[in-house]
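Residue numbers (our numbering): 80 to 353. C-beta atoms are modelled at their ideal positions from N, C-alpha and C, and glycine is treated no differently.
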Amino acid sequence: MALDLSRLLAGLRSRSGLDRDRLEQRAALLEEEWQAFLAQHQIPPDYLNVWWDCPICCDSGWLRADEKCRCLVQEEVDHLYHQSGLPPELREQTFETFRIDLYPPAFRSFMEQVVAECKAFAARVASEQPTENLMFRGGVGLGKTFLSSAIAHSVLRSGRSVIYLTLPELLDRIRHYKFEAVDPHALALLREVDLLILDDLGGEKVSEFSVQELFALVNYRITHRLPMVVSTNLAWTDLEEAYTARIASRLMGSARVLKLDGDDIRLLLKRPRA
Ligand SMILES: [Zn+2]
């Protein structure tokens, strides 16, 4: 057990009757006895040391009053990931792992632009700059979900909150928070999360309740300039038919639409790589 003698001695007045050398000898002797005691009882010499999970901030989470330690930032990001609802199978789908080379050569420069737009969007959300919403339109397997996921990762890593849901999941949550586990806080989170991603808005018939809830949510977020990413395989008229014209026009009117379309891309993507 090392004693920080120099600090102790700095404040020690001469009237204590002990001079510096004798105190140091005394401390060295005690330290020796202590180590001998530990050895005799086969106790590891560092037994009484304090072990911090994070030795940098001694688990306080802060380096200075206004500076968080990395461990706290990481903990917050982990919490945000947990809360986001991002499915485990999307954990690897990031901008870093996006493969432009899997697209046919004729579409690569277009896809590069799309990815650049997605990155710019994510950067604006991450830095709380105003941005229009993003809507992906196109068939299955063209990268809508991958790009939504990559945006989610990028925003989460910046320490902003993301909720990632399909429409049926979103409606289930609203119903649950409203009527079962009455939880206004969780309900408010859906409205106020930094980024809401609605994946794969499909053509299944939705109830009047769903239409009302979806409109209220979309309208709230647009009015409060809270960004959304929506992906759908529906054309404009199908979107109107499934979700009413007012939801369709609210969504489309506020969004930059990125169209990932064409059977030709899909066929080429499916072909095994040489
Ligand atoms: Zn720390």
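Could you pull the start and end residues of the beta strand (DSSP E) that valine 336 belongs to?
334 to 338
With distance defined between alpha-carbon atoms, name the residue in Gly222, Arg252, Arg143, Thr316 nearest to aspartate 169.
For the record, residue 169 in the displayed sequence is leucine; it is not aspartate. The option with the nearest alpha carbon to leucine 169 is Gly222.
In whole angstroms, what separates the C-alpha of phenylalanine 116 from that of cysteine 137?
28 Å
Selected residue, minimal CA-CA separation from cysteine 133, among Ser237, Asp125, Gln153:
Gln153
Given a threshold of 16 other Cβ atoms within 10 Å of its Cβ, counted over all protein chains shown, does proline 184 qualify as buried or as exposed?
exposed
Verify whether the separation of the beta carbon atoms of tyrosine 160 and leucine 269 is less than 8 Å.
no
Is glutamate 207 helix, strand or coil by DSSP?
coil
Can you tell me whether threonine 224 is helix, strand or coil according to DSSP?
helix
N- and C-terminal bounds of the beta strand (DSSP E) containing threonine 311:
307 to 311
Taking 7 Å as the cut-off, does the CB of arginine 149 come closer than this to any heavy atom belonging to ligand 1?
yes
List, from N- to C-terminal side, the alpha helix (DSSP H) runs of 4 residues or more that fit wholly inside the region 212 to 265.
223 to 236, 246 to 254
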